[in-house]
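Enquirer: Residue numbering for the sequence shown follows our numbering, starting at 18 and increasing by one per position.
Please find one structure pasted underneath; my questions will follow.
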Amino acid sequence: MSASLKPEEFGPYHRLLKDLSDRLRGNVGRMTDEALRRNQNDSNLSNVPLHMADVGTENYDQEFTLGLIENEQETLKLIDEALGRIGDGTYGACAECERPIARARLEALPYTRYCIECARKLENPE
Ligand SMILES: [Zn+2]
């Protein structure tokens, strides 16, 4: 079993989280603008699409974009929580079983709350 992370080892994960958070915040801003612009276009009657198929595509795109924003905001919440755990020194421990989360997993998913075993259990409850 790998030893748990020590606070002096948090640095690289802190940078990963900050990076990810900056990138997501940039994306969320841009995508929200785009979705809002489309809403305005939809209410502009001189700009009504000629074909019903176009309307369907527009709506689908918008729902898809808003769905992505939801996921990103969920991820941002997890990132903020992870940054909080770095702050109080509990980062790297599974929120479920309290065992250390594998470093490779933290590098791939620095905002994860669970070790791989618990994540699997939570995804596929028996
Ligand atoms: Zn666990």
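Beta carbons: idealized from backbone N, C-alpha and C, even for Gly.
In chain order, what are the residues with a CB under 7 Å from some non-hydrogen atom of ligand 1?
Expert: Listed along the chain, these residues meet the criterion: Cys111, Glu113, Cys114, Arg116, Tyr131, Cys132, Glu134 and Cys135.
Enquirer: Helix, strand or coil: how does DSSP classify proline 117 here?
Expert: Here proline 117 sits in strand by DSSP.
Enquirer: How big is the Cα-Cα spacing for isoleucine 86 and alanine 110?
Expert: Cα-Cα distance, rounded: 28 Å.
Enquirer: Output yes or no for whether 8 Å exceeds the beta carbon distance between leucine 100 and leucine 41.
Expert: No, Cβ-Cβ distance for leucine 100 and leucine 41 is not below 8 Å.
Enquirer: Is alanine 20 helix, strand or coil when you go by DSSP?
Expert: Of the three classes helix, strand and coil, the one that applies to alanine 20 here is coil, per DSSP.
Enquirer: With 16 other CB atoms within 10 Å as the buried threshold, where does cysteine 114 fall?
Expert: Its Cβ having fewer than 16 others within 10 Å, cysteine 114 is exposed.
Enquirer: For the alpha helix (DSSP H) that contains leucine 139, what are its first and last residues?
Expert: First-last of the alpha helix (DSSP H) with leucine 139: 133-140.
Enquirer: Inspect the beta-carbon positions of alanine 20 and proline 117 and report whether they are closer than 8 Å.
Expert: Going by C-beta atoms, alanine 20 is nearer than 8 Å to proline 117.
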